[in-house]
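Going by the numbering used here, the letters in the sequence shown line up with residues 27 to 282, in that order. Where is the CB? At the ideal position from N, CA and C, for every residue including glycine. Computed from a prediction, not measured in an experiment: that's the story for all the values here.
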Amino acid sequence: MTKFRPCIDLHAGHVKQIVGGSLTTTATDLQTNFTSEHPASFYASLYQKHNLTGGHVIKLGPGNDEAAREALSTWRDGLQVGGGITNANAKEWIEAGAEKVIITSFLFPDGKFSLPRLESVLTALGGDKTRLVIDLSCRKVADGWMVAMDRWQSVTGFGITQENIKLLEPYCSEFLIHAADVEGKQAGIDEALVSHLAAICSIPVTYAGGGRNLEDLELVKRLSNGKIDLTIGSALDIFGGKGVTFQECCKWNEEQ
Numbered sequence: 027m028t029k030f031r032p033c034i035d036l037h038a039g040h041v042k043q044i045v046g047g048s049l050t051t052t053a054t055d056l057q058t059n060f061t062s063e064h065p066a067s068f069y070a071s072l073y074q075k076h077n078l079t080g081g082h083v084i085k086l087g088p089g090n091d092e093a094a095r096e097a098l099s100t101w102r103d104g105l106q107v108g109g110g111i112t113n114a115n116a117k118e119w120i121e122a123g124a125e126k127v128i129i130t131s132f133l134f135p136d137g138k139f140s141l142p143r144l145e146s147v148l149t150a151l152g153g154d155k156t157r158l159v160i161d162l163s164c165r166k167v168a169d170g171w172m173v174a175m176d177r178w179q180s181v182t183g184f185g186i187t188q189e190n191i192k193l194l195e196p197y198c199s200e201f202l203i204h205a206a207d208v209e210g211k212q213a214g215i216d217e218a219l220v221s222h223l224a225a226i227c228s229i230p231v232t233y234a235g236g237g238r239n240l241e242d243l244e245l246v247k248r249l250s251n252g253k254i255d256l257t258i259g260s261a262l263d264i265f266g267g268k269g270v271t272f273q274e275c276c277k278w279n280e281e282q
C-alpha cells in the first residue's frame, strides 16, 4: 500500500531542499528552497523515532560524505544512500550503516547503460540484490521518459520502458525515481509517470517529484493501486514547507 517515504538531501554538507533541475555545475543556477539548521543526524533520528523505513539519503555532489555517514550511523540499517555509488564503494557504504545503496550514474558511462557495471555492483554486494536500489530518475521527452544522470543534468538514451524495467528487476530490490522536471517545484506530481510505473514495474517503487500534500499521497495511491510510495520534500514543514506536516505524513502511514 502507498506510503510516505522520507528523504535527507545533502548539498555541500548541509541538509537542503533544491529545485532538482537547477543542479548544474554553475552555482549561480542553483535554486534552494530550504537549508536546514539541523545536521543530517537530526533527521535520521526523527525518522527512526517514527519508524519511517525506506528513506533515502542523497548526496548531491561532492562534500557530503561526512554528513551521509553521520545519518547512517545514527540509524544503522534504517536508511538508503545514493550519490556517487560505484562497485568500488558500494560495500563500504553498507558497512557504514546503509540498509541499501542507490546507484545511477555509474551504470551509464557516456550516457549508455552498462550491464557489466550493474553486475559488478551486485558482485561487490556479495550478490545480495536486497541491498541494491536502482535510481531511474528521469526527464520527460517527446515519447516518454529518459533516465537523467549527473545530478539530473545529462539525459541518457535509456528509456523508462517495460523492456528496460524487466531487464533491471532481477538485479535490484526496488527502484527510486525522481521526476526531475517537477522535483522541488511543489506543483504536483507527474501523474502520467506514476501511472506508467505502476503498469510496468513488479518490484517496489518510490516516486519523488512535485509532492505537495496528503491529497498527492491519495492520488499516487489511486493511480498506482497502492503499488508506489511517495517522497515529499520541499512541501514538508520540517523542510520549511507549508503544504503538509511531518505528523500528518506519519499518521498517513499508520493508517495504511
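Around the beta-carbon of GLU121, fewer than 16 other beta-carbon atoms lie within 10 Å, marking it exposed. Going by DSSP, GLU200 is part of no alpha helix (DSSP H) but of the beta strand (DSSP E) stretching over 200–204. About 5 Å separates the Cβ atoms of GLY236 and ILE215, confirming a contact at the 8 Å cut-off.
Looking at the DSSP output, SER180 bridges to MET175. In this structure, the straight-line span from the alpha carbon of SER62 to that of LYS277 is close to 23 Å. The DSSP-derived three-state label of LYS192 is helix. Approximately 5 Å separates the beta-carbon atoms of LEU249 and SER221; this is inside 8 Å, confirming the contact. In the DSSP assignment, HIS40 forms a beta bridge with HIS37. The beta carbon of THR156 lies closer than 7 Å to those of SER199 in the same chain, with the five residues before and after it left out. Sequence-distant partners of THR130 (beyond 5 residues in either direction) whose C-beta falls short of 6 Å from its own C-beta, in its chain, are ASP161, MET175.
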